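Heads up: the structure comes next, in structure tokens.
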Amino acid sequence: MLDKEIFVKVCGITSQHDADLCVRYDADFVGFIFHDKSPRNMTVEKVRAIETPTLMRTGVFVDQTVDEVKRTMQHARLNLAQLHGDQDIEFCKALGKTRVMKVFWPDRYATREELEADMERFAPYSRFYLFDAGTGGGGHGKGQDWSFLAGLRGIKTWFIAGGLGPDTIKQAIMGCNPCGLDLNSGVESAPGVKSEEKLKAVFDMIHNPLVG
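Right, dumping it as structure tokens:
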């Protein structure tokens, strides 16, 4: 199914059990959400207690201040801040380029050239990009038009999100050939509870080209 290595991030982790599944199935990143409106919202203490050997730890932030993000990253042992609000370049600069995963919503842009222009603007201040479905927020299970991202300029390593699961993953990968996948609601049995069956199915498709 794939002719290149693809990174996998599993977001919305709320338990040690689900983190262990990510390690077992050879994910690259795990994500913890710090947003009180999310059913997957976590506290610093809970995240700090979850062990994730070999995985890069990402915190999802929406409306916190720079200082709040820095403190959370330190105490929760995070490697990356996924900026899932409208944080600007100054916000990214304050955190440091190597610690930023900047989120964009392709549906906000009339043309891909406009999206690429924003990507260029944030390139000096970000390590990774993530393209989410809809025009804001995330974790809602909505899909997106993958063809809009096909042939996107390789300005940064970029991930896609939006309802990715066993039934949609192949179409998404073939539609835009992303560098990485961000899995969340599409691999859950309930909000904040990952399904081992769905996770295994997705990772089988990713790692075994004869599957799917």
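Reminder that position 205 of the sequence shown reads as 431 in this note's numbering, one-by-one numbering, no gaps. The C-beta atom is built at its ideal place from N, Cα and C for all residues, glycine as well. Values in this document were obtained by computation on a predicted structure and should not be read as measured data.
- Excluding the 5 residues flanking it on each side, residue 424 has same chain C-beta neighbours closer than 8 Å at 391, 392, 412, 413, 414 and 415, in chain order.
- Per DSSP, reduced to three states, the secondary structure at residue 352 is coil, with no helix or strand assignment.
- Nearest Cα to residue 274 within the set 408, 245, 330 and 397: 245.
- Looking from the CA of residue 243, the closest CA among 232, 231, 358 and 272 belongs to 272.
- Within the region 395-438, the complete alpha helix (DSSP H) runs of at least 4 residues fall at 395-402 and 422-433.
- CA-to-CA, the gap between residue 313 and residue 249 works out to about 30 Å.
- Per DSSP, the beta-bridge partners of residue 283 are 256.
- By DSSP's assignment, residue 307 forms a beta bridge with 285 and 326.
- DSSP places residue 372 within a helical segment (H, G or I) once states are collapsed to three.
- Minimum Cα-Cα distance from residue 342 among the listed residues 317, 311 and 374 corresponds to 374.
- In the DSSP assignment, residue 383 falls outside any alpha helix (DSSP H) and lies within the beta strand (DSSP E) extending over 383-387.
- Within its own chain, the residues whose Cβ lies closer than 6 Å to the Cβ of residue 417, once the five positions on either side in sequence are excluded, are 265, listed in chain order.
- In the structure shown, the three-state DSSP call for residue 272 is helix.
- Annotation: the continuous alpha helix (DSSP H) that includes residue 319 extends over 315-321.
- Counting C-beta atoms within 10 angstroms of its own C-beta, residue 300 has fewer than 16 neighbours from the protein chains shown and is therefore classed as exposed.
- If you ignore the 5 residues before and after residue 307, its C-beta comes within less than 8 Å of the C-beta of 284, 285, 287, 295, 299, 321, 325, 326 and 327, all in its own chain and listed in chain order.
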